[in-house]
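A quick write-up on the structure given underneath.
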Ligand SMILES: Nc1ncnc2c1ncn2[C@@H]1O[C@H](COP(=O)(O)OP(=O)(O)O)[C@@H](O)[C@H]1O
Ligand SMILES: [Mg+2]
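Residue numbers (the numbering used here), protein chains in the order written: chain U, 236 to 674; chain E, 21 to 280.
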């Protein structure tokens with residue numbers, strides 16, 4: 236499957252390599268070669284056994300030779316601008332891509348004055364080589380055919396650099412809009428947070444509904460230096476017809492704090508691989524996840540909490556609701572390496588099945604190579620509690636409204652721990668829209 | 021005499037095929053307080069939940085008339101909007117659902133109008149004060165992490181807010197210390213009036229010192245075996261449930277299974 240290497244495809248890598256600085260051209264060509272030699276994944280592979288790989292065949296989608304839409308956007312659509320409100324605290328900078336091409340870039344005066352760099356990736360690779368070269372492709376390389384293809388052919392994406400000691404109150408926001416049908420978009424984003432710096436980063440994916448599927452294969456690499464504090468929100472609310480296959484990896488140095496929140500709502504297929512490496516002593520991460528799948532949506536969330544250093548702590552909670560014939564998969568691994576003494580690692584995945592034909596699969600894994608750990612993991616798939624429903628109804632609340640209250644209640648455990656005030660409203664809107672959708 | 025708030029006619033109910041209520045008859049005129057007493061397991065909470073429309077209980081015979089309307093087949097939310105209220109013996113914890121959100125929705129449902137946020141807050145704060153409860157109470161999640169006493173007071177708070185015409189209190193007194201019991205009783209007493217009837221279920225006598233029931237019913241084996249004036253409660257206190265049991269016997273389930 237996934238036959239490639241037609242001359243047209245070879246030309247694509249050449250076009251991109253030609254436009255890149257030499258170091259990147261080399262990286263691209265190596266990755267391309269690797270992509271060609273790598274075996275295509277199959278359902279026999281543990282990591283792909285839930286996935287309909289036909290949906291992800293890169294050859295079924297068009298590439299945009301020059302990046303950019305045939306009908307360029309004039310104004311940012313409402314759905315995109317409202318997603319930018321998710322932090323509820325303004326914006327420190329925005330990099331917006333439409334159909335894989337840069338649409339607009341802006342940085343607040345405050346952030347610019349503090350030496351923050353926030354640009355599209357193409358600008359960064361020429362203007363900030365010293366910062367990006369040691370990092371691009373180092374966390375997410377060419378391990379499988381999708382990440383290898385992203386490394387070779389990436390186009391679009393953002394670069395954020397927060398210098399040591401700089402604290403930013405408003406979030407730095409990268410948004411990807413998609414209007415084109417039948418295309419393949421492969422952005423790559425690199426975030427570098429300096430020692431003792433503090434920042435919130437939003438990674439937003441949204442679009443109108445598409446009649447013919449497009450595939451988005453984004454990669455994000457995040458570096459949190461010693462004592463840094465990073466908030467990181469990923470908001471995936473694609474319109475119907477989008478397939479999302481994302482790989483993100485963060486590495487944390489000593490005493491870094493990373494708070495992440497991943498929200499998956501849109502698209503017909505969504506698979507995210509999120510890996511957090513606690514590489515320095517005393518690093519602490521919180522990984523929150525929220526998803527709501529309906530109709531025939533298929534969502535997969537793969538997570539890795541990788542403890543490499545002593546005295547590290549990770550706490551993961553993913554909660555999802557699923558309705559109609561939706562299918563969700565959670566597959567999470569806690570790794571505790573031999574050197575990671577005194578580790579705390581927690582992982583929980585809770586699912587709320589709203590219909591009898593929805594299916595949730597949950598799979599917690601432990602790979603523990605050290606005895607000095609406190610570790611817990613739990614996974615549940617439940618239904619709306621009839622006693623809860625009765626209690627609310629006995630106070631006059633109709634069945635449908637009572638159910639809604641309980642669904643929001645289910646999510647509130649996660650939302651209550653996330654400090655992003657605008658998210659509540661955005662999420663309510665989206666969930667209500669889905670509950671009201673025709674079956 | 022005005023029309024009764026509640027009439028139960030030969031009410032039979034079963035859970036998972038086991039009959040628990042075996043022919044309950046009762047008439048509760050407006051303005052009255054009726055006490056329902058009986059040993060543990062006699063079916064008091066079952067009756068309360070059957071009245072409120074709990075989906076797990078099936079009414080196998082008889083009917084429930086609320087203000088003359090047959091509500092036997094109605095869902096719980098309809099009954100509530102009509103003016104029935106049950107303060108639960110064991111209120112459930114509903115994680116993540118905020119008290120304010122919940123109270124606002126139930127009030128709006130009961131009144132069939134959307135209260136303005138200001139009006140709503142004033143109303144809630146007023147009732148909280150009346151019940152000697154802290155304002156912070158309303159900022160918590162519905163019964164989540166509440167102590168036993170807090171849960172009971174939360175039931176009374178909802179009772180006070182929703183202003184029903186029939187209030188069923190299922191052992192609201194148990195789990196309350198003496199001060200809380202006094203506050204709760206006082207607020208119940210302040211709600212008394214010609215427009216509301218109370219069915220006060222209790223295992224103990226002490227709440228009846230405050231509430232002064234008009235009628236006392238004694239339930240045994242899923243039936244009301246004896247009704248009388250307040251003196252009946254005193255009698256029970258003196259002699260205990262065993263004497264009632266001896267007098268009326270626990271009807272064996274088989275005997276009753278073939279009833280109407
Ligand atoms: N949901 C239920 N499922 C099974 N048995 C029940 C249920 N509810 C009540 N019962 C049974 O019915 C009987 C009466 O219980 P209950 O109404 O709680 O009594 P009381 O409130 O008077 O203590 C008990 O034997 C109890 O076990
Ligand atoms: Mg009881």
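Think of the CB as a built atom: it goes at the ideal place given N, C-alpha and C, for glycine as much as any other residue. All values derive from a computational prediction rather than experimental measurement.
Just the Cα atoms here: how many angstroms apart are residue 648 of chain U and residue 590 of chain U? 22 angstroms
Residue 637 of chain U, buried or exposed, once every other Cβ within 10 Å from all chains shown has been counted against 16: buried
Beta carbon of residue 427 of chain U: closer than 7 angstroms to some heavy atom of ligand 1? no
Locate the beta strand (DSSP E) running through residue 549 of chain U, then write down its first and last residues. 548-557
Within 8 angstroms of any Cβ in chain U, is that where the Cβ of residue 78 of chain E sits? no
Looking at the C-beta of residue 100 of chain E, does it have a partner C-beta in chain U at a distance below 8 angstroms? yes
Is it true that the CB of residue 86 of chain E sits closer than 8 angstroms to the CB of residue 186 of chain E? yes
Starting from residue 104 of chain E and walking both ways along the alpha helix (DSSP H), at which residues does that stretch end? Per DSSP, residue 104 of chain E belongs to no alpha helix (DSSP H); it is in the beta strand (DSSP E), 104-107.
Is it the case that the CB of residue 191 of chain E approaches a heavy atom of ligand 2 more closely than 7 angstroms? yes
Helix, strand or coil at residue 516 of chain U [DSSP, three-state]: coil
Between the stretch 622-634 of chain U and chain A, which residues of the former have CB atoms less than 9 angstroms from a CB of the latter, in chain order? Any reference to chain A falls outside this structure, whose protein chains are U and E.
Between which two residues does the alpha helix (DSSP H) carrying residue 177 of chain E extend? 168-182
In chain U, what lies closer than 9 angstroms to residue 95 of chain E by C-beta? 628, 633, 634
May I have the straight-line CA-CA distance separating residue 642 of chain U from residue 242 of chain E, to the nearest angstrom? 37 angstroms
The stretch 581-589 of chain U contacting the stretch 608-623 of chain U, beta-carbon criterion three pairs below 8 angstroms: yes
Cut-off 7 angstroms between Cβ atoms - residues of its own chain near residue 234 of chain E, not counting five sequence neighbours on either side: 52, 53, 54
Cα separation between residue 371 of chain U and residue 670 of chain U? 40 angstroms
Using a cut-off of 7 angstroms between C-beta atoms, extract the partners of residue 178 of chain E located in chain U. 630
Quick one, which of U/545, U/582, U/593 has its alpha-carbon nearest residue 604 of chain U's? U/545
When you compare the stretch 428-442 of chain U with the stretch 271-280 of chain U, are there three or more beta-carbon pairs, one atom per stretch, that lie closer than 8 angstroms? no
I need the straight-line Cα distance from residue 424 of chain U to residue 78 of chain E, nearest angstrom please. 60 angstroms
Compare the beta carbon distance of residue 609 of chain U and residue 579 of chain U with 8 angstroms and say whether it is the shorter of the two. yes
I need the straight-line Cα distance from residue 90 of chain E to residue 539 of chain U, nearest angstrom please. 58 angstroms
Would you kindly check if the distance between the Cβ of residue 393 of chain U and the Cβ of residue 428 of chain U is under 8 angstroms? no
Mapping the DSSP letters down to three states, classify residue 500 of chain U as helix, strand or coil. coil
Cβ closer than 7 angstroms: which chain E residues qualify as neighbours of residue 662 of chain U? Chain E residues near residue 662 of chain U: none, gap ~13 angstroms exceeds 7 angstroms.
For residue 655 of chain U, count neighbouring Cβ atoms within 10 angstroms of its own Cβ and tell me buried if that reaches 16, exposed if not. buried
Extent of the continuous beta strand (DSSP E) run through residue 467 of chain U: 464-472
When every heavy atom of ligand 1 is checked, does at least one fall within less than 7 angstroms of the C-beta of residue 66 of chain E? yes
Cα-Cα separation between residue 572 of chain U and residue 127 of chain E, rounded to whole angstroms: 55 angstroms
Inter-residue CB distance, residue 442 of chain U and residue 471 of chain U (contact presumed, cutoff 8 angstroms): Actually they are not in contact, since the Cβ atoms of residue 442 of chain U and residue 471 of chain U sit about 10 angstroms apart, beyond 8 angstroms.
Against residue 72 of chain E, what residues of chain U qualify as contacts under a CB-to-CB distance less than 7 angstroms, listed in chain order? 629
Is residue 178 of chain E near ligand 2, going by C-beta to nearest heavy atom under 7 angstroms? no
Determine which residues share a DSSP beta bridge with residue 540 of chain U and list them. U/511, U/569
Report yes if the C-beta of residue 40 of chain E is less than 7 angstroms from at least one heavy atom of ligand 1; otherwise report no. yes
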